[in-house]
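Below is one structure; the comments refer to it alone.
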Amino acid sequence: MILVTGGAGYIGSHTVLTLLQHGHDVLVLDNLCNSSAEAIHRVNRLTGKNARLIEGDIRNRALLDQILGEHPIRAVIHFAGLKAVGESVQKPLAYYDNNVGGSITLIEAMQAAGVKNLVFSSSATVYGEQGGAREYTETMPLGVPSSPYGKTKVMIETILGDTAHADPAWTIALLRYFNPVGAHESGDIGEDPQGIPNNLVPYISQVAVGRLERLAVYGDDYDTPDGTCLRDYIHVMDLAAGHVKALEHIADKTGVYTWNLGSGTGSSVLDVVRAYEKACGKAIPYTIAPRRAGDLPAFWANPEKAARELGWRTERSLDDMMADTWRWQAKNPQGYR
Ligand code: NAD
Ligand code: UD1
């Protein structure tokens, strides 16, 4: 059985679905601070399987001890955490407590229970600036992320590395995601941000359904082909498949493994807008706005290590990502509510 922390969330729910389809038993632990139990109900309906959801917090050691004591957990996929970059600048302690503190509590409980197999949600943000390099490779040193959120990812990667160094029975996969977007092809589960979205694709989606008036494109004077920033967008179902591959790959190994999960190509903000317009069949109104503080002009994954070692590559195009995002948004204009 696989314990999935944060499994009711955006990436977690798609990964739970993929795990169930691969025949894994799944137990979800989520405090629902940024998600809805409805996501797991829908995953169960779509798969005809039964992932159980326990509503609780990864910082609750007694609860973790109980879960690890009562269920035959062989590995943990750890998504639980706070992820809003701007909010992390305003409330750094909440981020260090939830993400770093929560991860330490989880690692301690796993250590005590003898469950030493963990897949962790890291981020391309751990690369920091890399002196202007645009293609990120796992051998690059950890950088200095511009936000407390990003710093928590560097800290947790470091803590996990030190844990595995001290006790070689651990097996840890650090998965560095690039920009996850899209939704399950049914349109029944997807990303459901609270309040006004900060990220590009959720923002465009809400413009497309009329919840927001127009997109602000943050800067068109970058050193890129059309002047807008380049990012490596990855379909959330490709990302979910990467987790299953990583989990299965590390099952009979020990040590720490790091893999970029991205497509290897950069798309501009305007490429994304055009692909979304094609998917939804209407124009997305936008204006060019000043650059957003902290944005880098361009970066994307070198995905070769995951291809070589996991036999994993992205399969879905930017058009697929936007078509699936639109299907989810059109079917669920107010998200899960
Ligand atoms: P999400 O907010 O949808 O999912 C996180 C889940 O964790 C939510 O369901 C939330 O309720 C739960 N949670 C938060 N704190 C908790 C706690 N203390 N105890 C129990 N549950 C808790 O976010 P997501 O986009 O699915 O991201 C999942 C993971 O991937 C996060 O760790 C995030 O930092 C990481 N990540 C996300 C992105 C992205 O662009 N979405 C990029 C890189 C890395
Ligand atoms: C952001 C975070 C990153 C985090 C990732 C996933 C910052 C600086 N970085 O990445 O740490 O891991 O989200 O959650 O916040 N854009 C617009 N208009 C908008 C929104 C975005 O033009 O309304 C542009 C941005 O300038 C950027 C691109 O769209 O060039 C993608 O933005 P976004 O979706 O927020 O992701 P990142 O900034 O790459």
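Be aware that the sequence shown starts at 997, since it is given in the working numbering, and climbs by one per residue.
Beta carbons are placed, not taken as given, at the ideal position from N, Cα and C, and that holds for glycine.
Beta-carbon spacing of residue i, residue j below 8 angstroms
i: T1220; j: P1293; result: yes
i: T1014; j: V1177; result: no
i: V1022; j: A1004; result: no
i: D1222; j: S1264; result: yes
i: I1230; j: T1310; result: yes
i: G1197; j: I1284; result: According to the sequence displayed, residue 1197 carries Val and not Gly. No. Outside cutoff.
i: I1007; j: F1116; result: no
i: L999; j: V1096; result: no
i: A1105; j: L1060; result: yes
i: S1119; j: G1290; result: no
i: A1302; j: I1185; result: no
i: G1082; j: N1256; result: no
i: Y1173; j: L1226; result: no
i: Y1123; j: N1298; result: no
i: P971; j: G1206; result: The structure shown does not extend to residue 971, since the chain is modelled only from 997 to 1333, so the question has no answer here.
i: G1077; j: G1002; result: yes
i: T1261; j: D1228; result: yes
i: T1167; j: K1249; result: yes
i: S1201; j: T1321; result: yes
i: H1245; j: E1300; result: no
For residue i: DSSP bridge partner residues
i: N1256; result: R1172
i: F1116; result: H1074, L1170
i: H1231; result: V1177
i: G1251; result: T1167
i: L1025; result: T1001, I1050
i: L1226; result: S1264, A1294
i: Y1132; result: A1297
Residue span of the alpha helix (DSSP H) that contains residue i, given as start and end
i: S1009; result: 1006-1017
i: Y1272; result: 1265-1276
i: E1051; result: Counting along the chain, E1051 falls outside any alpha helix (DSSP H), though it belongs to the beta strand (DSSP E) covering 1048-1051.
i: T1159; result: 1144-1162
i: A1108; result: 1098-1109
i: V1039; result: 1033-1043
i: L1196; result: 1196-1204
i: D1315; result: 1314-1327
i: Y1091; result: 1088-1091
i: Q1062; result: 1057-1066
Buried/exposed call for residue i, threshold 16 Cβ in 10 Å
i: V1232; result: buried
i: M997; result: exposed
i: V1140; result: exposed
i: Q1330; result: exposed
i: K1147; result: buried
i: E1209; result: exposed
i: H1018; result: exposed
Start and end residues, beta strand (DSSP E) containing residue i
i: A1294; result: Unbroken run through A1294: none, as it is neither H nor E.
i: A1285; result: 1282-1285
i: Y1123; result: Unbroken run through Y1123: none, as it is neither H nor E.
i: V1000; result: 998-1001
i: A1302; result: Counting along the chain, A1302 falls outside any beta strand (DSSP E), though it belongs to the alpha helix (DSSP H) covering 1300-1306.
i: L1211; result: 1211-1214
Those residues, in chain order, that have a beta-carbon closer than 6 angstroms to some heavy atom of the ligand ADP: The ligand ADP is absent from the structure shown, which contains only the ligand NAD and the ligand UD1.
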